[in-house]
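Counting in UniProt numbering, the sequence shown runs from 1 upward without gaps. Note that the Cβ used here is the ideal one computed from N, Cα and C, for glycine as well.
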Amino acid sequence: MSNKTAPNPHTPSQNTPSRTGAPSDSSPIQHPKGTASIVFWSIAVVVALLALYAVLQVDNWGDSGNNLPTRFGLDTAKLAAVDPALVNYAETQQYPIAMQSVRGIASLPDGGFVVAGDKTIQRFSRDGEPTESISCADEPICVTVAGDDHVMAGHLFVGFVARIDVFDTQGQLTRTIDDGFDPQTQITSLAVLEDYIYAADAGNRVIARFAADGKRLGSIGKADPSRKIPPFIVPSAHFDIVGSDDGILRAVNPGARRIQAFTLDGDLLGSWGKASAGIEGFFGCCNPAALALLPDGRFVTAEKGIPRVKVYAADGTFESVVATTDMLSANASSSIDIRDDHRADVLDVATDPNGRVLVLDPNTRAVRIFELKTEMVSTDES
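Right, dumping it as structure tokens:
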């Protein structure tokens with residue numbers, strides 16, 4: 001047995017590397033003393049006070065102190081400008097809605113329409129006269145109507161955060177659908193197509209598919225490279241879908257600035273649209289915010305950021321403008337406001353059997369009716 005004393009493991013040797021592999025340094029830290037100490041701490045205090053003063057002078061919200069405007073946004077006057085020759089529609093009617101907050105609109109087969117807002121679903125005639133009101137337990141987010149070919153023709157489907165309520169033609173609640181929804185669910189849009197019900201779920205970035213009895217059949221839109229299905233990019237709670245008589249489900253992929261077409265089972269058929277500052281494209285992070293189909297198969301889109309409504313051909317080619325930023329609201333501006341408390345509320349759109357475009361304007365709390373100028377001329381002549 002060795003008689004040598006073992007080195008203390010807690011006392012590093014001058015030549016022994018540290019556990020990190022770096023050479024150890026046992027040199028004592030030199031602290032300033034005397035006059036040098038006073039000077040050192042005086043300088044430190046002055047620097048700290050100057051830093052505090054600078055922080056207090058910064059007004060992050062631009063309301064005082066640094067001359068920043070109270071509304072801070074990207075000046076988009078040129079982007080909002082539209083060639084008048086492209087505006088093929090004119091506003092013909094405006095129907096005020098007696099609600100504090102309006103969120104969704106859908107057209108009815110008879111030319112009327114229904115609006116979701118506050119804790120109410122309100123039916124209107126074609127001429128904007130209220131005809132029926134349905135009270136809801138919670139605030140509705142979106143609404144759609146089953147067509148004549150659906151097993152529940154004429155029924156209203158109302159979307160809430162994580163459930164769908166179904167009302168019959170008498171306004172009675174007949175069913176609640178919530179199969180497969182979870183705490184992440186955020187329903188933003190509904191579509192009823194053939195005997196299926198579809199719900200756009202912005203929280204999970206998928207479209208939930210249900211049978212007519214409310215049973216969950218699966219999800220559409222999950223990324224699948226083998227089927228060439230890209231993921232839905234949904235930065236905010238604006239994720240719209242629409243069904244059509246051709247048996248195809250259309251969905252906005254807002255972050256990609258595209259409209260995608262799916263079979264009823266979820267196979268991707270194609271897509272169109274592009275990100276562009278030009279009038280033919282979709283500007284900003286995530287557009288369009290709303291989508292509707294005209295009776296002849298053309299698309300109507302509504303955008304946020306720079307609010308405007310446009311028409312595209314069935315193949316996605318830009319055709320014309322329904323409403324410009326300046327036309328849409330007295331509160332509209334030529335700026336993209338980047339603060340949530342300064343952003344204008346987002347438009348919703350629908351179309352009726354006669355081809356009228358119905359714009360739900362939450363900033364004026366009104367349904368605004370736009371018609372083709374050529375049809376207005378022919379009507380006047382007749």
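Query, Result
"How is P288 classed by DSSP in three states: helix, strand or coil?", "coil"
"Can you tell me which residues form a DSSP beta bridge with residue 401?", "Within the shown structure, residues of the chain are numbered from 1 to 382, placing residue 401 beyond reach of any answer."
"Closest to R147 by C-alpha separation, out of V45, T374, E194, would be which residue?", "For the sequence presented, residue 147 should be read as Gly rather than Arg. Checking every option, the nearest Cα to that of G147 belongs to E194."
"List the endpoints of the continuous alpha helix (DSSP H) containing L328.", "325-328"
"Count the C-beta pairs between the segment 344-363 and the segment 128-137 that are closer than 8 Å, then say yes if the count reaches three, no if not.", "no"
"Hey, quick one: how far does the alpha helix (DSSP H) through A77 stretch, first residue to last?", "77-80"
"Closest to D315 by CA distance: which of A90, R258, A277 is it?", "R258"
"Can we say the segment 196-213 touches the segment 232-250, given the rule of at least three CB pairs closer than 8 Å?", "yes"
"Would you mind giving the Cβ-Cβ distance between G214 and R175, rounded to the nearest angstrom? I have them listed as a contact below 8 Å.", "6 Å"
"Provide the residue(s) that pair with E139 in DSSP beta bridges, ordered along the chain.", "According to DSSP, E139 bridges with nothing at all."
"What are the boundary residues of the beta strand (DSSP E) that includes N253?", "249-253"
"Near I220, which residues of its chain fall below 7 Å by C-beta distance, leaving aside the five closest residues on each side in sequence?", "V206, I207, R209, F262, G266"
"With a threshold of 16 other CB atoms inside 10 Å of the CB of R227, please say whether the residue is buried or exposed.", "exposed"
"Helix, strand or coil for S226, going by three-state DSSP, please let me know.", "helix"
"Since A302 is in the beta strand (DSSP E), which residue starts that stretch and which ends it?", "299-303"
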